[in-house]
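Trainee:
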Amino acid sequence: MSLYERNITSVLAQFPSQQIASVIDTHAASMHKRTERDAFFLATEGIVQLVQRYRNGIRGRMKHAVQEMLRQYYEVESQFLHGSYDKCVSLLREKHKDDMAAVTATIFSHSQVSKKNLLVTMLIDHLWGNEPGLTDELTNCLTELTSLNRSEHSRVALRARQVLIAAHQPAYELRHNQMESIFLSAVDMYGHEFHPENLQKLIVSETSIFDILHDFFYHTNRAVCNAALEVYVRRAYTSYDISCLQHLELSGEVPLVHFIFMLPPSHPNRLVKLNSGLEGIDSVVEQPKVVDTFHRTGCMAAFESFQQFEQYSDEIFDLIEDFSSPASISARDLNAVESGSESRGNSTSINVSLSLEARRPSQDEFVIQEPIHILHVGLKNNSDKDDSTMSKIFGNFCARFREELMARKVRRITFTVFKHKQFPKFFTYRARDGFLEDKIHRHLEPACAFQLEINRMRSYNLEALPTSNQKMHLYLGKAKVAGGKEVTDYRFFIRSLIRHSDLITKEASFEYLQNEGERVLLEAMDELEIAFSHPHSKRTDCNHIFLNFIPTVIMDPAKIEEAVTSMVMRYGPRLWKLRVLQAEIKVVIRSSPGTNTQTIRLCLANDSGYYLDINMYTEVVDPETGIINFQAYGNKQGPLHGLPIYTPYIPKDYLQQKRFQAQSVGTTYVYDYLDMFRQMTDQHWKQYSQERLSEAIRVPDKFMDFVELILDPETESRLMEQKRVPGENNVGMVAWRLTLFTPEYPDGRDIIVIANDITYLIGSFGPREDKVFSMASEIARKLRIPRIYLAANSGARIGLAEEVKALFRIAWEDNKEPDRGFRYLYLTPEDYAKVSAQNSVRAVLIEDEGESRYKLTDIIGKDDGLGV
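Mapping the sequence shown onto the UniProt record's numbering, position 633 (from 1) lands on 633, and the numbers just tick up by one.
(1) Where glycine 395 and histidine 247 are concerned, what is the direct C-alpha to C-alpha distance, given to the nearest angstrom?
(2) Is isoleucine 589 near methionine 555, with beta carbons less than 9 Å apart?
(3) Is the CB-CB distance between lysine 834 and isoleucine 846 below 9 Å?
(4) Return the residue from the list Phe706, Gly732, Glu716 that minimises the CA-CA distance to glutamine 722.
(5) How about tyrosine 460 and arginine 491: do their beta carbons lie closer than 9 Å?
(6) Quick one: what's got a C-beta closer than 8 Å to threonine 146's C-beta in the same chain, skipping five residues either side?
(7) Just how far apart, CA to CA, sit tyrosine 760 and isoleucine 627?
(8) Pairing CB atoms from the stretch 752-769 with CB atoms from the stretch 667-674, are three or more of them under 8 Å?
(9) Would you identify the three-state DSSP class for leucine 856, choosing helix, strand or coil?
(10) Would you list the residues sitting across from phenylalanine 294 in a DSSP beta bridge?
(11) DSSP three-state label for methionine 616, please.
(12) For arginine 412 versus aspartate 438, is the C-beta distance shorter than 9 Å?
(13) Within the same chain, show all residues whose beta-carbon is closer than 6 Å to that of glycine 861, passing over the 5 residues directly before and after it, in chain order.
(14) I need the straight-line Cα distance from glutamate 714 to valine 731, nearest angstrom please.
(15) Alpha helix (DSSP H) containing isoleucine 212: first to last residue?
(16) How would you call tryptophan 736, buried or exposed, if buried means at least 16 neighbouring beta carbons within 10 angstroms?
(17) Could you give the distance in angstroms between the alpha-carbon of leucine 245 and the alpha-carbon of lysine 409?
(18) In this structure, how does DSSP classify glutamate 695 when only helix, strand and coil are distinguished?
(19) List the residues that DSSP assigns as beta-bridge partners of serine 496.
(20) Within 10 angstroms of the Cβ of lysine 586, are there 16 or more other Cβ atoms? Answer buried if so, exposed if not.
(21) Could you compute how far the alpha carbon of alanine 43 sits from the alpha carbon of valine 51?
(22) Output needed for isoleucine 107: all residues of its chain with C-beta closer than 7 Å, excluding positions within five of it in sequence on either side, in chain order.
(23) At 3 residues or longer, what runs of the beta strand (DSSP E) sit wholly inside the stretch 516-600?
(24) Return yes when the Cβ of methionine 300 is within less than 9 Å of the Cβ of valine 377, no when it is not.
(25) Assuming leucine 497 and leucine 452 make a contact with CB atoms under 8 Å, what is their CB distance in whole Å?
(26) The ligand FMN and isoleucine 600: does the residue's C-beta get closer than 8 Å to at least one heavy atom of that ligand?
(27) Would a C-beta distance cut-off of 9 Å place methionine 62 and glutamate 144 closer than the cut-off?
(28) Cα separation between alanine 449 and tyrosine 646?
(29) With a cut-off of 8 Å, do at least 3 Cβ pairs link the stretch 805-814 to the stretch 822-830?
(30) Note down, in chain order, each residue of its chain lying with its Cβ closer than 6 Å to the Cβ of tyrosine 172, except the 5 sequence neighbours on either side.
(31) On the DSSP bridge list, what partners appear for lysine 380?
(32) With which residues is histidine 258 paired in a DSSP beta bridge?
(33) Using a 10 Å radius around the Cβ and a threshold of 16 neighbouring Cβ atoms, would you call proline 767 buried or exposed?
(34) In chain order, which beta strand (DSSP E) runs of at least 3 residues are fully inside the stretch 732-817?
(35) Spell out a yes or no on whether the stretch 600-620 and the stretch 575-585 are touching, meaning 3 or more CB-CB pairs, one atom from each, closer than 8 Å.
(36) In chain order, what residues of the same chain have a beta carbon less than 7 Å from the beta carbon of arginine 360, not counting five sequence neighbours either side?
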């Protein structure tokens, strides 16, 4: 112990727990009397317990303490994942019948869940920041925390998943060193390790590099700076055809890259939309044709500060004019682009060239009237200015030089702000907006915007919302409507790209897809919860999540559906609370190593609230038009089958508005009940077949048939059968005759189903609703078949005659003291004339207070069934 005391601050010092235990055991063994040994062990019990706690050293003790704390948190909170709070308490009482103290302790602990969440997240953050190695040893505990799926546990679950993923990612310094070695080997032409082909790997890599790459824009080796700028351009424009790339210098000091590229065949700006309906439903391109404004030129340079950029801005503007005066592109370049495009098809393969020779356009020029020049301005963030401040600074510059930018045919200018160890921030200003900021593309590299498929939201007016996570892009969409109409379709769109974080080009594992996908889903839900503070958030419905998984995954496509379904079911209650009814996942897969890749899209929809509709598509190129279309994967043809991949999202229809209205009051839209019967019959057949695998079970092609029972429009004295579109009812009670083809009745069995429509006058009962209910019940009794009534109503209808409500007057007992009550209600002769023809009231003509009045005796209302 004295040796340990003298070296207690040494990093090699270990608490001598084994030696202490050995001394105690040796002394106990020397005692022959049992009473002496028992007294000795009683006296040394505290020391023995201390030794046990530190048997694996101080680090082992810390690990055990943290593990125990996280375990206790999980044990308590996992008891409250089984439905409503009351149900969870009932299950607790059932589990601890003989120990109510344990139930009380668990409930009291859960009541402080917000404080516990703060403690646990701070603990995890501290471990990750100060003891990163310990997180590997706590993997099981952290994995358990990720399974907590309630919104109240979301921050803990998300932080645990972030740490688990980060623990398996290489450190920033390691990634930086890897990239530096790649650049140095690529530019050292005279060294023994000259590998320029490594830059090509960096360009086509599926990993995330933009948080590191900008460091090399300011490298001391000028060749590395040039290489880094070229990698950035070719990486950002990987889906475009770059025909020309030149390295220049501004005043012999600042490196600049100038390049010419062509838009890809599927780019929206290369297509003329023949059908562009206002609502966005008919705006799918039927017969696109290529227009001639499909080429662009770009310049990119990185500056130490915004002030340095301003010093060189005139030189950059002059450079644009030098390359195309006033706005022209070399025909030779265009031919190179065309031929390159044809030879590559859809390939993104690009040959890397580090040539520093500038190639001037030939005299054979092609004049373009449309702005075609793009400026990328890289800036170091040497201060702590927030986004709004930087946006204002850049906006002021664009406003000051707007006329010059227009005259030089600048299409857009993007300011990219670099900060050490962080992803760049992007601020884009476009000519079409008068060089005001395009906030839809804030913090999004415009050249990479196609990967988020922003264009598919063109049926909506978008408002970009700030997010705490720069990789998340959140938009509030308001459906485009004709002038004067009210916007009824509001929805949140949240979109994200998922990449590898290391620098080794490799194909992702299925486990990585699952873990990273789940992490991004949790982050998306967190961002949506914050977004619900927006004033329009209560009007949102059908919120949409889009995840684009960039790395190629080796897996069976069928496993995607299984994994995603499991994830959705796990977080179903939270997704439903956030009104996330639609999601889309895009992933590139190989079925096995060496096989061709294919792009799979998984589209999920839960419009009705109880049935998850899943459709899988592949992307195929139409050989005639070159347009990429959705093609159903498997036998099930979803609604997007055969449509172009840039088909816009369809705004909410009439039925979905009805669904939202019903779901807002905690019930189901009446016409969705039919699908519930069909689903349950389908499940019943599946269970029946599974239990009789040895038998030849013939499952019917359809599980249900139905016909609606409606009031005879002429007499309303009987119900008549009719097939009609859902939502056409003009009565708050709906009835059907269903024929269910079940295993017990394969030839079909009829039932009568009656249900309230909560969206029609809040589901209240009136005379016409009573008629439907009574007559449908009478049919069931007459046919001797079951009758099922699904009740979701607000009771008897107590309506108001709106036409009388605006006109009636009150005869007070005392006009000066209305508190004393009134004598009667009345109408003036003029107002009575307005409503008497509608048979809305019954009244008696009287003379009172020196004037003629119609004293109301009965208010009937012009609408039938106003009340009961």
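Where a beta carbon is used, it is the ideal one built from N, C-alpha and C, also for glycine.
Mentor: Here's the rundown:
(1) If you number the sequence shown from 1, residue 395 lands on position 395. If you number the sequence shown from 1, residue 247 lands on position 247. The alpha-carbon atoms of glycine 395 and histidine 247 are separated by roughly 28 Å.
(2) Here residue 589 refers to the residue found at position 589 when the sequence shown is read from its first residue. Here residue 555 refers to the residue found at position 555 when the sequence shown is read from its first residue. Yes. Within cutoff.
(3) In the sequence shown, residue 834 corresponds to position 834, counting from 1. In the sequence shown, residue 846 corresponds to position 846, counting from 1. Cβ distance not < 9 Å, so lysine 834 and isoleucine 846 don't count as in contact.
(4) Your numbering for residue 722 matches position 722 in the sequence shown. With distances taken between Cα atoms, glutamine 722 lies closest to Phe706.
(5) One-based indexing of the sequence shown puts residue 460 at position 460. One-based indexing of the sequence shown puts residue 491 at position 491. The answer is yes: Cβ separation under 9 Å.
(6) Counting from one through the sequence shown, the residue named residue 146 turns up at place 146. Correct list, in chain order: Ala157, Ala160, Arg161, Leu164, Glu518.
(7) As a working mapping, residue 760 is identified with position 760 in the sequence shown. As a working mapping, residue 627 is identified with position 627 in the sequence shown. For tyrosine 760 and isoleucine 627, the distance between alpha carbons rounds to 44 Å.
(8) yes
(9) The sequence position of residue 856 within the sequence shown is 856, counting from 1. DSSP places leucine 856 in strand when its eight states are reduced to three.
(10) Locating residue 294 in the sequence shown gives position 294, where the first residue counts as 1. For phenylalanine 294, which the question treats as bridged, DSSP gives no partner whatsoever.
(11) Here residue 616 is taken as the residue at index 616 of the sequence shown, counted from 1. Note: methionine 616 maps to strand in three-state DSSP.
(12) Residue mapping note: residue 412 aligns to position 412 of the sequence shown, counting from 1. Residue mapping note: residue 438 aligns to position 438 of the sequence shown, counting from 1. A contact, by the Cβ cut-off of 9 Å.
(13) Locating residue 861 in the sequence shown gives position 861, where the first residue counts as 1. Excluding sequence neighbours, glycine 861 sits near Ala801, Ser840.
(14) Indexing the sequence shown from 1 puts residue 714 at position 714. Indexing the sequence shown from 1 puts residue 731 at position 731. Computed Cα separation, rounded: 15 Å.
(15) Position 212 of the sequence shown, counting from 1, holds the residue named residue 212. Isoleucine 212 -> alpha helix (DSSP H) spans 210-213.
(16) In the sequence shown, counting from the first residue as 1, residue 736 sits at position 736. Per the 10 Å Cβ criterion, buried.
(17) Here the question's residue 245 lines up with position 245 in the sequence shown. Here the question's residue 409 lines up with position 409 in the sequence shown. Leucine 245 and lysine 409: Cα-Cα distance of roughly 20 Å.
(18) Here the question's residue 695 lines up with position 695 in the sequence shown. Glutamate 695 falls in the coil class under three-state DSSP.
(19) If you number the sequence shown from 1, residue 496 lands on position 496. In the DSSP output, where bridge partners are listed per residue, serine 496 has Met472, Leu547.
(20) Counting from 1 along the sequence shown, the entry for residue 586 is found at position 586. The residue in question, lysine 586, is buried, as its Cβ has 16 or more Cβ neighbours within 10 Å.
(21) Here residue 43 refers to the residue found at position 43 when the sequence shown is read from its first residue. Here residue 51 refers to the residue found at position 51 when the sequence shown is read from its first residue. Cα to Cα, the separation comes out at about 14 Å.
(22) Stepping through the sequence shown from its first residue, residue 107 is reached at position 107. So the qualifying residues of the chain are Val89.
(23) 543-554, 580-590
(24) Position 377 of the sequence shown holds residue 377. Position 300 of the sequence shown holds residue 300. Their beta carbons are under 9 Å apart, which means valine 377 touches methionine 300 by this criterion.
(25) Here residue 497 corresponds to residue number 497 of the sequence shown, with the count starting at 1. Here residue 452 corresponds to residue number 452 of the sequence shown, with the count starting at 1. Rounded, the Cβ-Cβ distance is 7 Å, consistent with contact.
(26) By its list of ligands, the structure shown contains no ligand whatsoever, and the ligand FMN lies outside what it can speak to.
(27) As a working mapping, residue 62 is identified with position 62 in the sequence shown. As a working mapping, residue 144 is identified with position 144 in the sequence shown. It is not a contact, given that the beta carbons lie outside the stated cut-off.
(28) Here residue 449 refers to the residue found at position 449 of the sequence shown. Here residue 646 refers to the residue found at position 646 of the sequence shown. The straight-line gap from Cα to Cα measures roughly 13 Å.
(29) yes
(30) Here residue 172 refers to the residue found at position 172 of the sequence shown. Lys421, listed in sequence order.
(31) Numbered from its first residue, the sequence shown carries residue 380 at position 380. Per DSSP, Phe418.
(32) Numbered from its first residue, the sequence shown carries residue 258 at position 258. For histidine 258, which the question treats as bridged, DSSP gives the partners Gln246, Cys299.
(33) Here residue 767 is taken as the residue at index 767 of the sequence shown, counted from 1. Result: exposed.
(34) 733-740, 749-756, 787-790, 809-812
(35) yes
(36) In the sequence shown, counting from the first residue as 1, residue 360 sits at position 360. Its pLDDT being 42, under 50, arginine 360 is placed unreliably by the model, and the measurement read from it follows with that caveat. Taken in chain order, the list of residues that qualify is empty.
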